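In full-length UniProt numbering, the protein residues as written are 1 to 64.
Following: one structure in structure tokens, then a few remarks.
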């Protein structure tokens with residue numbers, strides 16, 4: 001499984017959407033993702049905070 005780490009406020013804004021990420025792609029050119037087993041390593045470096053205030057967003061990959 002692939003996940004994306006985000007702040008709680010960002011999660012609340014998109015949690016009911018089926019699709020998201022357009023802003024990140026336009027602003028940064030990519031969306032940072034990790035394997036689920038890497039999340040505890042990635043989340044603390046996200047804005048120098050611990051993982052307790054962050055949420056995982058599962059990424060479903062679809063073949064086109």
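Even glycine gets a Cβ: it sits at the ideal position worked out from N, Cα and C.
Only a predicted model underlies this, so the values are computations on that prediction, with no experimental measurement involved.
Helix or strand or just coil, what does DSSP make of residue i?
i, result
"residue 2", "strand"
"residue 49", "Caution is warranted here: a pLDDT of 49 is assigned to residue 49, below 50, making its placement in the model unreliable, and the coordinate value is therefore given only provisionally. Of the three classes helix, strand and coil, the one that applies to residue 49 here is coil, per DSSP."
Within its chain, find whatever has a CB closer than 7 Å to the CB of residue i; leave out the 5 residues flanking it on each side and keep chain order.
i, result
"residue 42", "5, 34"
"residue 20", "14"
Which residue marks the beginning of the alpha helix (DSSP H) containing residue i, and which one marks its end?
i, result
"residue 14", "8-14"
"residue 23", "22-28"
So, using beta-carbon positions, are residue i and residue j closer together than 9 Å?
i, j, result
"residue 24", "residue 31", "yes"
To which residues of the same chain is residue i closer than 6 Å at the C-beta, ignoring the five residues directly before and after it?
i, result
"residue 36", "1, 3"
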